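Each residue of the sequence shown is one higher than the last, beginning at 1 in the UniProt record's numbering. The beta carbon of each residue, even a glycine, is placed where N, CA and C say it ideally should be. All figures in this text were calculated on a predicted structure; none of them were measured in a lab.
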Amino acid sequence: MEHRKQHDKGCRILRDVILQEPSLSQQPCFQLFYKPIMQQASCATDSGTRVAVQLRLCKQQQYELLKKQSV
């Protein structure tokens with residue numbers, strides 16, 4: 001039962017992110033990693049922790065890109 005909770009948590013993390021940061025959902029890293037997860041109704045491909053880690057990486061990539069563009 002614990003496993004199921006993890007998957008739901010991953011889903012919630014994704015949904016929250018899309019609501020809070022719509023621009024992030026346009027990023028290639030997001031498209032690659034999250035689109036497939038979101039398309040599965042159960043979100044059963046990932047645990048909440050892995051989603052969170054990937055998301056941090058994605059945000060960092062986006063941040064680096066923005067920094068380069070603003071120079």
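Asked                                                                                                                                                      : Found
Only counting the same chain, and skipping five residues up and downstream in sequence, which positions put a Cβ closer than 6 Å to that of residue 54?    : 33
Comparing the C-beta of residue 17 with each C-beta of chain D, is any distance below 8 Å?                                                                 : Among the chains of the structure shown, chain D does not appear; only one protein chain is present.
What do you reckon, is the C-beta of residue 55 under 7 Å from a heavy atom of the ligand ADP?                                                             : Questions concerning the ligand ADP fall outside what the structure shown contains, since it holds no ligand whatsoever.
Who are the near neighbours of residue 18 in its chain, counting only those whose CB is closer than 7 Å to its CB and skipping five residues on each side? : 25
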